[in-house]
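> Here full-length UniProt numbering is used: position 90 in the sequence shown is 90, and no number is missing along the way.
Think of the CB as a built atom: it goes at the ideal place given N, C-alpha and C, for glycine as much as any other residue.
Dropping a structure here in structure tokens format, bear with me for questions.
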Amino acid sequence: MNDTPQYYGTISRLLHWLMALGFAFMAVIAALFATDDKYYSLMDYHKLTGYFLFILFWVRLAWACANRSRRPHNDLAARLGHAALYVLMFAVPFIGLLRQYGNARGPLEFGGMTLLPAAAEKITWMTELGGAAHGKLGWLLFALAAGHILMAVLHQIQGKKILNRMAGPRR
């Protein structure tokens, strides 16, 4: 269950792949928004997924900190890349949630529960920050994730077995 110097444990793997699927889903929705306004009906799914990714970020960060001394070693470039991914996995949904709150159009709800209330009045700086940064940082996150995948595959081809740490058998 815990991480080891050779492999990431079950919980780390689960959190990694849940977030990978969530952010991939977000990328598909964002790409659809960019191509045709008819896909705007997917916005509620985009917001809910962003909310749950923000919660998962905190769980993943806490788990990573708790396992810090047991995790596989990464070189400086990988550590910097992972740090950038973590910053963006926080910033992108956080800025999106700020915009959701500040637009005062209504709460974010799921299953009849209010997950995030709406402001009583529009808060301009929140909506402007969201409009200016959320999408751009989101695409930067997806580009960084693509680089992360590319480097993992490249290292695997070079025989370094990096993919086995997160996806392979644990022996």
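1. Alpha carbon to alpha carbon, what distance is there between I149 and W116?
2. What is the residue span of the beta strand (DSSP E) that T35 lies within?
3. Going by DSSP, what residues sit across from M113 in a beta bridge?
4. Quick check on the DSSP output: the alpha helix (DSSP H) that includes A167 runs from which residue to which?
5. From this set, L144, R60, R165 and Q6, which residue's C-alpha is nearest A77's C-alpha?
6. Give the list of continuous beta strand (DSSP E) stretches no shorter than 3 residues that lie fully inside the stretch 83–150.
7. Pick helix, strand or coil for T49, following the three-state DSSP scheme.
8. Using a Cβ-Cβ cut-off of 7 Å (strictly less than) and excluding sequence neighbours within five positions of L98, which residues of its own chain qualify?
9. Please determine, among T35, T114 and G106, the residue with the shortest C-alpha to C-alpha distance to A120.
10. Just how far apart, CA to CA, sit L88 and F94?
11. According to DSSP, simplified to helix, strand and coil, what is K161?
12. Determine the DSSP secondary structure at M43, reduced to helix, strand or coil.
13. What did DSSP end up calling H73 once you bin it into helix, strand or coil?
Taking the structure as given:
1. Along the sequence shown, read from residue 1 onward, the residue named residue 116 stands at position 116. Along the sequence shown, read from residue 1 onward, the residue named residue 149 stands at position 149. According to the sequence as given, residue 116 is Leu; it is not Trp. Each residue's Cα considered, the two are about 33 Å apart.
2. On the sequence shown, position 35 is the one that residue 35 refers to. Careful: T35 lies outside any beta strand (DSSP E), inside the alpha helix (DSSP H) at T10 to T35.
3. Numbered from its first residue, the sequence shown carries residue 113 at position 113. Looking at the DSSP assignment, M113 forms a beta bridge with F110.
4. The count along the sequence shown starts at 1 and reaches residue 167 at position 167. First-last for A167: undefined, no H or E at that position.
5. The sequence position of residue 77 within the sequence shown is 77, counting from 1. The shortest C-alpha separation from A77 is found at L144.
6. Taking only runs of at least 3 residues, the beta strand (DSSP E) segments lying wholly in the stretch 83–150 are 108–110 and 113–116.
7. Residue 49 sits at position 49 when you count from the first residue of the sequence shown. The three-state secondary structure of T49, taken from DSSP, is helix.
8. Walking along the sequence shown from the start, residue 98 turns up at place 98. Closer than 7 Å at Cβ, skipping near neighbours: M126, L129 and G130.
9. The residue given as residue 120 occupies position 120 in the sequence shown. If we check each option's Cα against that of A120, G106 comes out closest.
10. Taking the first residue of the sequence shown as 1, we reach residue 88 at position 88. Taking the first residue of the sequence shown as 1, we reach residue 94 at position 94. Each residue's Cα considered, the two are about 9 Å apart.
11. Taking the sequence shown and counting its residues from 1, the one referred to as residue 161 is at position 161. In this structure, K161 counts as coil in the three-state DSSP scheme.
12. Along the sequence shown, read from residue 1 onward, the residue named residue 43 stands at position 43. Here M43 sits in helix by DSSP.
13. The residue labelled residue 73 in the question sits at position 73 within the sequence shown. If DSSP states are grouped into helix, strand and coil, H73 belongs with coil.
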